[in-house]
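Below is one structure; the comments refer to it alone.
Protein chains: 4
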Amino acid sequence: MKNLFAFLLCFTIGQTLAQTTHSHKLNRAIHFPNTKDYLTLKCDFHQHSIFSDGKVHPDIRLQEAAKDSLDAVSLTEHLEYQPHKADIPHPDRNRSFELATKAAKSANVLVINGSEITRSLPPGHTNAIFIKDANKLLIQDSVEVFREANRQGAFVFWNHPNWISQRKDGIATLTDLHKVYLKEKLLHGIEVVNEHTYSDEALQIALDNNLTIMGTSDIHGLIDWEFKVAEGGHRPITMVLAKERTPEAIKEGLMNRRTIVWFNNTLIGREEHLKPLLEAAIKVEKASYIGSSSVAEVVFRNDSDAEFIMVNQSAYTLHETTDVVVLHPNATTKVFVKTLNQLADFNLKFAVLNGVTAPHTHPEMTWKVVVNN
Amino acid sequence: MKNLFAFLLCFTIGQTLAQTTHSHKLNRAIHFPNTKDYLTLKCDFHQHSIFSDGKVHPDIRLQEAAKDSLDAVSLTEHLEYQPHKADIPHPDRNRSFELATKAAKSANVLVINGSEITRSLPPGHTNAIFIKDANKLLIQDSVEVFREANRQGAFVFWNHPNWISQRKDGIATLTDLHKVYLKEKLLHGIEVVNEHTYSDEALQIALDNNLTIMGTSDIHGLIDWEFKVAEGGHRPITMVLAKERTPEAIKEGLMNRRTIVWFNNTLIGREEHLKPLLEAAIKVEKASYIGSSSVAEVVFRNDSDAEFIMVNQSAYTLHETTDVVVLHPNATTKVFVKTLNQLADFNLKFAVLNGVTAPHTHPEMTWKVVVNN
Amino acid sequence: MKNLFAFLLCFTIGQTLAQTTHSHKLNRAIHFPNTKDYLTLKCDFHQHSIFSDGKVHPDIRLQEAAKDSLDAVSLTEHLEYQPHKADIPHPDRNRSFELATKAAKSANVLVINGSEITRSLPPGHTNAIFIKDANKLLIQDSVEVFREANRQGAFVFWNHPNWISQRKDGIATLTDLHKVYLKEKLLHGIEVVNEHTYSDEALQIALDNNLTIMGTSDIHGLIDWEFKVAEGGHRPITMVLAKERTPEAIKEGLMNRRTIVWFNNTLIGREEHLKPLLEAAIKVEKASYIGSSSVAEVVFRNDSDAEFIMVNQSAYTLHETTDVVVLHPNATTKVFVKTLNQLADFNLKFAVLNGVTAPHTHPEMTWKVVVNN
Amino acid sequence: MKNLFAFLLCFTIGQTLAQTTHSHKLNRAIHFPNTKDYLTLKCDFHQHSIFSDGKVHPDIRLQEAAKDSLDAVSLTEHLEYQPHKADIPHPDRNRSFELATKAAKSANVLVINGSEITRSLPPGHTNAIFIKDANKLLIQDSVEVFREANRQGAFVFWNHPNWISQRKDGIATLTDLHKVYLKEKLLHGIEVVNEHTYSDEALQIALDNNLTIMGTSDIHGLIDWEFKVAEGGHRPITMVLAKERTPEAIKEGLMNRRTIVWFNNTLIGREEHLKPLLEAAIKVEKASYIGSSSVAEVVFRNDSDAEFIMVNQSAYTLHETTDVVVLHPNATTKVFVKTLNQLADFNLKFAVLNGVTAPHTHPEMTWKVVVNN
């Protein structure tokens, strides 16, 4: 009954639910702080709706994005794969973008026009976002279609290079065709994370070839179900370090490779981007020695959704933990440090295990601790 | 990526989530027991998909139903209201049923063909379910369309007679047109519960006119969001007391008015149907006197999702509660009864406040307690 | 190691736990608002420590009280029952009070000197609180000991008159000896709630004989375990309506019978005291009609720990519930009322089922709703 | 009222609480499996009651132990520190053991006689457990008292060598006196974990000097509060690998250094003991390739309370995680491995970060995976 004659229903009939503390996280908004120099914009640039092989109307995608507190999305319908064609003939491939843009008005989410160029491997699937007209991408030749996307000013990234439907071993590998794209600068990014998967090999390709590190949900069904949001899960996103919250600034950030992927309690990014984010997220709030002892109580504030798993790299040993320290999300954690003598200040160094800057490589962070007492 | 080439993906890629006890109810399956004489079949006969003004594909509706452990659903698209027409021209009004039927194969849910006849009041909106061909219901005359539905063997019920878009006072009232339907036996049920609303007046109309008591979600968006499933909420359903789990038996149950509505922790039904359900749900598991005292410990088992709020109507007073006793869902609760002397057996009588048999009327239930020690 | 040389350990070594929302209520402080005319002081006047048959030191009792946010406690050790005598000979019966007073300094809890006069029935067990010297109560004669307590200015109340160890039927009944006490005004209160038990008969005795209604934990072990605090449970308390937060004002409130018992989500008190508490706890925050309809959305704020179960007694029917409405604790709840026409204001009347003013008697409350739009 | 006349109260008056899933872990029993060769017995050998400076009666200690599912405890009252002396003169230093033994009858927990020899450093505090008569340990000379404990057959361990009240730097260091003990074989173990603290230096001392690795709660107040049990916390324990569940077998295990400490989600032990426990706790339940791909889905079962943080050391990369894998407690977790080709079997190697075998040293475990399809 609700959606039929909308005029009345803006007046939202609905019983306010009491504040409960049962579920894991009632407010599911994804939270990471801005860095010193950039806004940290949360984006999901690979999604589907009923306009290709997704199962929901674009309106639901925008509502999901708003609940997750995303800054920008793209509904990247398959250009060549249209399983709902019998019901939705839709000749205009920009239709999903149009409807999403309309829905975005009440959602405070930026919508970027994008499409998925859907081929067998090579080149596999590729997203072109920040395009101007999806219809013009209906080009059979796999190089020409990339050229057209680039003529439109698109940011182009390779989707799920680890997809076992296209590579049985799941090992992302550059093909000759991809080398052509790279040579012509037609390809700008690569998915290191797609839906539930992560690829060390894709990360290495990104680093070796100057590609932007991407992570996306590739959602077809519902975000809530696919990523178990009620149990504390979250969708993969690409956080873009941008100068302002506009499509242009996001594109600039993408083109300049300033991204960090947030996936399954893991942050993946180049060291020069991940470290500033970790610096913004994890701060020493205060520090003081316990009585006349030389054991310092250091209060770390973790202003992010990540539960950080850190390994002590300092010369000092810790008084309440082994060398493994866990910083709970959006909370403070006390770390007790045995500094041998009372010092005015000292450095703490930790490897952050759920940060990844290269395969098997975790950032090492140093915090200067100034003692307050 | 997942839904594109399905052949591989039946092999479910996905990380098993650890057993957590964080969320309110991990298994959201709605549970009520069968009665002594009938199966208790959980049904939602008023839902929408993208084939009228809903926001999801029928596949999602079937997945929701499977998660809620429903026995039967009907996707009752508006015949006359087609806001997605620009994208989905779909001349065939049985299309939603066809797709739902296909999706049902993996969902173990019965799908009933139905449509919503969508008119201003009178007669307002009406669902016809168990129809044979929705296309034939595209008839302008509001009596003729009911006659056609009945010719097809439909079970026909009046939707949200309390809808404030059609009646500003929200007071369900029979119109002259409805009296015509009743006289011709064209109308068989009435929604006492629709989405978030309940109507005492609709319940009285059902009782006065021999109509089946109905409760439906009328979902357009997502069940999870609309009914706050992660926080312990549930959609409204109609439970049909049926002889077997078949469409025919469900229709027979509906036609003979054997329904109980489950809505917002409340059960609404005729006394002759609600009482057997309460008898099946609430049982005295055991009873014994505490030592040599005449205080009996009576263990009630509540085999249902309802948290029952009961008021003592017995002559005996209770030892651990006032006259209000709460039976937690799917659990046992001990009630201590002061019987003055040790008895071999005795009766306990409670009014069940979240059972409703008529406006302001709650069933009174008597349990015979046989003492075990 | 911690408690040995205390000087250092004021500096609290301990890792701050992250904010989690797992447990039912992280802050277990019991909350009820003050009434219009009085402070609502939370008291537990029946507790035991190792100085009679309890299992913990008085320090733990004060820590429990602080966690529960109590205003006042009394450790009412049995005068005549000393099972730990072999280990704790303690000739001074004021010792528990002394230690509790010392512990109270850091707990912000008032400690009242009290003792339990422990006899077989009649008179059973009796608490005398606000005494000056417990040692002087070691008097064998059951009338003389009451006289001495009264000479010391004590407030005297009958403990667990429903105790099945002393009355096999659990039916609280005045004995001839109690009638003597009443005639001499030596007895001022009676436990209607003790630990896990409630007595309708004790409530009736209180009302018939002008006695103060009392509820206590009678704790011997741990409050956390006995009342399942981690799962959302709470100990029984007596809330005293007092003019200020002092022992004298509490005694004045008790002597003038201004108490409400909070027990197992139930509030028990005389109508003249319970109603002002309900008025303070439940307020209409705002109200407005939905669009041009005559259905009013009324927002109730429940500023208390009680989950109120209310039954509609108004002429108006409700739009989203049957006649049973549940107000969640420390939250707002919307109630939708069908007033037939748009009114400037109207009255809503509910019986509050988990309020009790006499056996089987629940207060009826009326709220005037002023419509804002 | 409950504990006074016990005869009746075995009949447990109490309302069964409904099954709720709100709190973190309703059943707080600590769980680790037996190893291939030994029983894994959960022990806490450093606790206090009112018989030294604790705040509860020994009965509460046994109830806590039963709730935590411990196999053995010792109430190690300070011999020389008796702050409750004014109230509890107790000349017999075996009294706490006697009462604990009595309480143990209903708790299924073994009680070991023990005492804490309480000196300034050196030697600091020392526990002697498996003693025969605590009174005979009231010897001033710090060597003689150790000799007497050893004559009684005691297992003797150094408590909190990192205690900042005795060493301002918190750095555990062998003193000359300890070297005397070691030379005479009077000292057998050392606390690497005490209450909330852990000491890398103590662990190194244990390894260098052939001492048993110990971890204890050193509880004085309540286990529930000190270790935040309701929020998922647990007390530190020493797990002894023993041939049977008897005091003799536990002592044999302690004397032969077969211990693993469970502390704050960390397991600390010698490699030869920790590895068999990890092998028993973490098993490959099944494995199969996804379709025709060479990505294997490996199901690990973690049959323990530890949430294992593991770092991949294999040549293979993973399909759904970086090199960090988390195994949830008492649950299965799927790990997807890219083996390049379909293999009949293969090895997976992980470092287990919350296992510790030496300072900064984590065990590396190899699992042979046999593929089922």
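Chains as they are written, first to last, in the numbering used here: chain A, 66 to 438; chain B, 66 to 438; chain C, 66 to 438; chain D, 66 to 438. Positions of the beta carbon are idealized from the N, C-alpha and C atoms, including for glycine.
Looking at the strands, I want to know which residues DSSP matches up with residue i.
i: residue 179 of chain A; result: A:194
Mind checking if residue i is an interface residue toward chain B, Cβ cutoff 8 Å exclusive?
i: residue 295 of chain A; result: yes
i: residue 106 of chain C; result: no
i: residue 357 of chain C; result: yes
i: residue 433 of chain A; result: no
Contact criterion: CB-CB distance below 8 Å. Does residue i meet it with respect to chain C?
i: residue 262 of chain B; result: yes
i: residue 203 of chain D; result: no
i: residue 421 of chain B; result: yes
i: residue 152 of chain D; result: yes
Which residues of chain B have a Cβ atom closer than 7 Å to the Cβ of residue i, listed in chain order?
i: residue 388 of chain C; result: 425
Using the rule of at least 16 other Cβ atoms within 10 Å of the residue's Cβ for burial, across every protein chain shown, is residue i buried or exposed?
i: residue 22 of chain B; result: No information on residue 22 of chain B is available, as it lies outside the stretch 66 to 438 that chain B covers here.
i: residue 143 of chain A; result: buried
i: residue 323 of chain D; result: buried
i: residue 112 of chain B; result: buried
i: residue 437 of chain B; result: exposed
i: residue 226 of chain B; result: buried
i: residue 109 of chain A; result: buried
i: residue 231 of chain A; result: buried
i: residue 362 of chain A; result: buried
i: residue 259 of chain B; result: buried
i: residue 435 of chain A; result: exposed
i: residue 422 of chain A; result: buried
i: residue 205 of chain B; result: exposed
Measure from the C-beta of residue i to each C-beta in chain A and report whether the shortest distance is under 8 Å.
i: residue 159 of chain B; result: no
i: residue 331 of chain D; result: yes
i: residue 155 of chain B; result: yes
i: residue 436 of chain D; result: no
Listing by chain order, which chain A residues have their CB less than 9 Å from the CB of residue i?
i: residue 384 of chain D; result: 227, 229, 235, 261, 262, 263, 264
i: residue 374 of chain D; result: 374, 389, 391, 418
What does a CB cutoff of less than 8 Å around residue i pick up in its chain, not counting 5 residues either side in sequence?
i: residue 253 of chain D; result: 220, 221, 222, 276, 277, 319, 320
i: residue 440 of chain C; result: Shown here, chain C extends from 66 to 438; a query on residue 440 of chain C therefore has no answer.
i: residue 312 of chain A; result: 137, 175, 177, 195
i: residue 393 of chain D; result: 367, 372
i: residue 353 of chain A; result: 361, 362, 436, 437, 438
i: residue 370 of chain A; result: 95, 96, 97, 299, 327, 394, 395
Apart from the five residues just before and just after residue i, which ones in its own chain have a Cβ nearer than 7 Å to its Cβ?
i: residue 193 of chain C; result: 179, 180, 182, 202, 214, 219, 221
i: residue 396 of chain C; result: 367
i: residue 235 of chain B; result: 227, 229
So, at 6 Å on beta carbons, what are the nonlocal neighbours of residue i in its own chain, with the 5 sequence-adjacent residues on each side left out?
i: residue 149 of chain B; result: 115
i: residue 303 of chain A; result: 108, 279, 280, 324, 326
Below 9 Å on C-beta distance, what does residue i contact in chain D?
i: residue 326 of chain A; result: Result: empty, since nearest Cβ-Cβ is about 11 Å, beyond 9 Å.
Kindly say whether residue i, judged by its beta-carbon, lies nearer than 8 Å to any beta-carbon of chain D.
i: residue 430 of chain A; result: no
Starting from the beta carbon of residue i, find every residue of chain C whose beta carbon is closer than 7 Å, and list them in chain order.
i: residue 403 of chain B; result: 234, 235, 236
i: residue 360 of chain B; result: 229, 235
Going along chain B, which residues have a C-beta under 9 Å from residue i?
i: residue 121 of chain A; result: 115, 120, 121, 122, 125, 287
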